[in-house]
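Report on the following structure.
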Amino acid sequence: MSLGNLGDVRAKELLLQALESEETVMQQAAIAAIGEIRAVDAIDEILRFANSEDWLVRQRLAQALGNFNTEKSISALKFLAKDAQPQVREAALFSLNLIEQDN
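The end of the sequence shown is residue 153 by my numbering, with every number in the run present.
Quick look at the structure:
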């Protein structure tokens with residue numbers, strides 16, 4: 051999503067609206083963009099997708115959470131690291147590793 055590429059926190063409101071879309075592609079793009087702009091105050095909004103039925107949404111969430119070194123994001127990544135879908139697990143473990151390297 052190009053809004054996330056701008057790196058502009060002002061895009062956050064539009065991204066939060068995109069999370070409400072019924073289209074999973076829009077949800078995925080919004081989650082990724084929120085991670086890209088590192089909108090820490092939007093973590094709660096994207097965490098609700100940790101139990102999404104669509105594994106691609108969960109994978110995108112795991113990737114986005116790698117941009118946030120917070121207790122909530124680390125806890126969610128540990129949860130996603132146990133996902134039934136291997137791609138989600140791999141993304142969560144990769145993000146946890148990124149956060150660990152930043153410390």
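The C-beta atom is built at its ideal place from N, Cα and C for all residues, glycine as well.
None of the values given here were measured: they were computed from a predicted structure.
Where does residue i land, buried or exposed, given buried means 16+ other C-beta within 10 angstroms?
i    : result
S123 : buried
M51  : In this prediction, M51 has a pLDDT of 45, which is less than 50 and means its spatial position is unreliable; what the coordinates show is noted afterwards. Flag for M51 reads buried.
R108 : buried
E150 : exposed
A142 : buried
E86  : buried
L64  : exposed
R110 : buried
Can you tell me which of the three DSSP states residue i falls into?
i    : result
A89  : coil
A131 : coil
F144 : helix
N101 : helix
E70  : coil
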